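The structure appears below as structure tokens.
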Amino acid sequence: MSHSFHEVTMTYPMRGIRKSNLKLIHNLIPRIPFPIDQDFYVSPTFQDMLNRTGDGKPLNWRKSLQKYYYREEWEVFAIKNHSEIEIPPPWRDAVRKDLERDLLAWQRDTGDPWLCFPNGVLIGQKCLPLLNDLRDP
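Shown next as structure tokens:
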């Protein structure tokens, strides 16, 4: 899975991989809010999310609006009946490492320009450091 732009003004690069019933998403710039396009913004679903959040009511969803906007750098899911289920911490790290290894291999094989992002820049076949301290402390 590869995503960089929905619209030119809506950058939110991410990479992901799905293997069997597992899915890993790498949000490459998790510190910026996930952009909302006009179609989604005017939808009854999103308007309900805005209204409920503004009124301090629960969304009856697995994420708050704040967590929808500001996503974790790495998201790990199990897929069951076409639904994403977040994997709990005891298993998350092992699953993530396995899928991350496959994702990095895919990025290397395809020459993905985002391979080293957000902490490095790809020069030739090497990731060189930016020293930008973008990893969470």
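Position 80 of the sequence shown, counted from 1, bears residue number 95 in my numbering, the numbering being contiguous throughout. Cβ coordinates follow ideal geometry from the N, Cα and C atoms, glycine included. Here the structure is a predicted model, which is why all the values come from computation and not from measurement.
For W106, there is no enclosing beta strand (DSSP E); the residue is part of the alpha helix (DSSP H) that begins and ends at P104 to T125. K78 sits in coil when the DSSP states are folded into three classes, being neither helix nor strand.
The Cβ atoms of I32 and R86 lie no closer than 9 Å to each other. Put simply, of Q81, T24, L118 and N36 the residue whose alpha carbon is nearest the alpha carbon of H97 is N36. Short of 6 Å from the beta carbon of N42, and not among the five residues preceding or following it, lie these beta carbons of its own chain, in chain order: M29, R86 and E88. Under DSSP, no beta-bridge partner is assigned to R46.
As DSSP reads the structure, E90 sits in a beta bridge with I40. Cβ neighbours of E99 within its own chain (closer than 6 Å, five residues either side excluded): F92. By the 16-neighbour rule on beta-carbons within 10 angstroms, I102 is buried.
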